[in-house]
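Participant: If you're matching positions, the sequence shown starts at 29 in my numbering and goes up one per residue. Glycine included, each C-beta is placed from N, C-alpha and C at the ideal position. Nothing here was measured: the structure is a model prediction, and the numbers come from that model.
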Amino acid sequence: MDLIFVLFVVFAGRITVAAVVTNDLQQSHEEATSEIKKLQEELREMKEWRLSILEEVHTLRDSLRDSEGETESKQRTRRDVAAELPDCIPGTLGCPVISTPYYIPSGQCILCPAASSGPPGPVGPPGRDGRDAIAVVTASGATNTPCFSHGNQDSGRPSNTSGAVYIRWGHHDCPSYSELIYTGTGASANHFTSGGGVDQLCLPGDPVYHAPTPGVGISRAFLYGLEYQVSEIPEKLWHDIPCAVCMAASRFSKLMVPAKNTCPSSDWVLEYSGYLMAERTHTAHHRSMHICVDQELQTVDRTSGGLSGNNRGLMNFVEARCSESGGGIPCGPYIDGYELTCAVCTR
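1) Can you give the Cα-Cα distance for GLU58 and LEU71, rounded to whole angstroms?
2) Nearest-angstrom Cα distance between GLN55 and SER91?
3) Within a Cβ cutoff of 6 Å, which residues of the same chain sit near VAL372, ignoring the five residues on either side of it in sequence?
4) Helix, strand or coil: how does DSSP classify ILE363 here?
5) Could you tell me which residues DSSP puts in a beta bridge with SER351?
6) Looking at the unbroken beta strand (DSSP E) that takes in ILE319, where does it start and where does it end?
7) With the cut-off set at 8 Å, would you say ALA215 and LEU254 are in Cβ contact?
8) If you compare alpha carbons, which of GLY198, GLY356, GLU207 and TYR256 is closest to SER190?
9) Count the C-beta pairs between the segment 237 to 246 and the segment 259 to 274 that are closer than 8 Å, then say yes if the count reaches three, no if not.
10) Please look up how many angstroms separate the CB atoms of GLY212 and LEU231, rounded, as I've assumed it's under 8 Å.
11) Is LEU231 helix, strand or coil when you go by DSSP?
12) Taking the alpha carbon of VAL346 as the reference point, which residue from GLN326, GLU352 and ALA287 has its own alpha carbon closest?
13) I believe CYS370 touches GLY302 by the beta-carbon criterion, under 8 Å. Please report the beta-carbon distance rounded to the nearest angstrom.
14) Considering Cα atoms alone, identify which of VAL273, GLN257, GLU352 and TYR366 is closest to LEU325.
15) So which of THR327, THR374, GLN323 and VAL328 has the shortest CA-CA distance to LEU368?
16) What did DSSP end up calling ASN218 once you bin it into helix, strand or coil?
17) Roughly how many angstroms lie between the CA atoms of VAL200 and ALA276, to the nearest whole one?
18) With a 10 Å radius around its C-beta and 16 neighbouring C-beta atoms as the bar for buried, classify GLY233 as buried or exposed.
19) What residue does the beta strand (DSSP E) around VAL328 start on, and which one ends it?
20) DSSP three-state label for ILE64, please.
21) Is TRP266 helix, strand or coil when you go by DSSP?
22) So, ASP227 versus MET317, is the Cβ gap smaller than 8 Å?
23) With a CB to CB cut of under 8 Å and the five nearest residues on each side skipped, what residues in its chain are close to ILE357?
24) Hey, could you find the ends of the beta strand (DSSP E) TRP197 is sitting in?
25) If I follow the unbroken beta strand (DSSP E) through SER301, where does it start and stop?
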């Protein structure tokens, strides 16, 4: 009897489990069916959206075809005109440019055919020297020879009655074959502060002011004296650097050649040679321009060689750091520890 009761209980439990599983499966089936219906509805909406997009594309295409037809009719006229032109590049000498006249708001017609010429105007004033040079283009072709109001008529070559201007750093005077414009003293930003200019200036000894504001300004850039920081030459250390602004008469170009104390060729005139200098590479120093300082390293007489309260720009010799890997400055011609020279040349 007990065995029959046990079997009955087990059989009833299985029936209950089967009913639960069947119920879960039916519920999952209903959820899946509902999800499929949603996807079908979204697919139908996408098809309708695609059809509307295609209709808009067809409408836009028809509109473009209409506008292309109008453009094509206009271009036919330009092609007919172009067919009558010579076979050349428009805009070059003797070849006209196809252009459509138009009017600006002021009523002036741009690119309209030129009217008949009026009477000649008055004669203009005579031109200046070679500073007013222009390039001349003739019917035989272009030439790079400038045209001057004044020149060397005997040689046929252009002349320059002004000249190339340069600064001779580290010297009070200009070479004998150049003209001294003025002599001064070097100046720059403080070597250990940020801000200010990075270039060095040659300040004249007679400044001219215009409506200065009394007192020391706060929001200003400051200039200080420029000094040598060359411990290898104790008699120059901490002395101020002089400068001379020079003009090389009858020469056009000026070139500073770094790492050489000679000019590129005999076509150039060596104005002076010396050492390449700049602010030293250090975390407490700001960057500066490189300048070519005369090899004499002259000084300003008023300085005694003492410190200037740390308020100064400092010029140091420059060395190259070569790379044995082949990238960067090549080793061999450039040697670590060698001070670089420089040359200022004119032509």
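Facilitator: So, from the listed chains and residues:
1) 20 Å
2) 55 Å
3) TYR194, MET284, GLU299, TYR300 and CYS320
4) coil
5) PRO358
6) 319 to 322
7) yes
8) GLU207
9) no
10) 5 Å
11) strand
12) ALA287
13) 6 Å
14) GLN257
15) GLN323
16) coil
17) For the record, residue 200 in the displayed sequence is His; it is not Val. For HIS200 and ALA276, the distance between alpha carbons rounds to 16 Å.
18) exposed
19) Element bounds for VAL328: n/a, residue is neither H nor E.
20) helix
21) coil
22) yes
23) ALA348, ARG349, CYS350 and SER351
24) 191 to 197
25) 297 to 306
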